[in-house]
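Right, one structure below, let's go through it.
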Amino acid sequence: MGTIHGLGAMLALVLMVYTGHLAFPLLRGVPKIVPQMRTLAFCSTLLSFLALATGNWAYMRYRAGIDFGGARAALKENSRRS
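Take the sequence shown: its letters are residues 0 to 81, numbered as in numbering that gives the first Met the number 0.
In structure tokens form, the structure reads like this:
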């Protein structure tokens with residue numbers, strides 16, 4: 000689950016940086032790049048949403064109780080001093 004979140008977040012970041020790089024021709028007045036930028040901006044927004052959703056999904060699993068196999072509860076249970 001964490002791997003999916005990490006890869007999705009990294010891919011979204013790379014796509015956003017590439018989209019930002021494509022904005023430089025717009026500063027010079029070349030409007031032909033706008034359709035590609037719209038598509039890339041939409042895809043990076045979608046990937047960002049999926050990265051956030053999977054991050055929340057992983058965090059909920061981490062914070063779950065010991066009955067549900069939550070990592071935080073297991074760490075707290077096994078790190079108590081005798």
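Ideal Cβ placement from N, Cα and C applies to all residues, glycine included.
Residue i: buried (16+ other C-beta within 10 angstroms of its C-beta) or exposed?
i     : result
His4  : buried
Ala52 : exposed
Distance check for residue j and residue i, CA to CA, integer angstroms please.
i     : j     : result
His20 : Leu26 : 11 Å
Ala50 : Pro24 : 29 Å
Gly7  : Val16 : 14 Å
Ser78 : Gly54 : 25 Å
Checking 8 Å against the spacing of the C-beta atoms, do residue i and residue j come in under that value?
i     : j     : result
Arg60 : Met0  : yes
Leu46 : Ala72 : no
I'd like the list of long-range same chain contacts for residue i, defined as Cβ closer than 8 Å, with 5 residues on each side in sequence excluded.
i     : result
Gln35 : Leu21
CB-CB under 6 Å to residue i, same chain, minus the five flanking residues each way: which ones, in chain order?
i     : result
Ser81 : Model confidence at Ser81 stands at a pLDDT of 48, short of 50, so the residue's coordinates are unreliable and nothing is read from them.
What residues in its chain sit with their C-beta under 7 Å from that of residue i, if we drop five residues either side in the sequence?
i     : result
Ala70 : Tyr61
Could you name each continuous beta strand (DSSP E) segment of 3 residues or more that falls completely within the segment 36-75, going from the start of the chain to the end?
none
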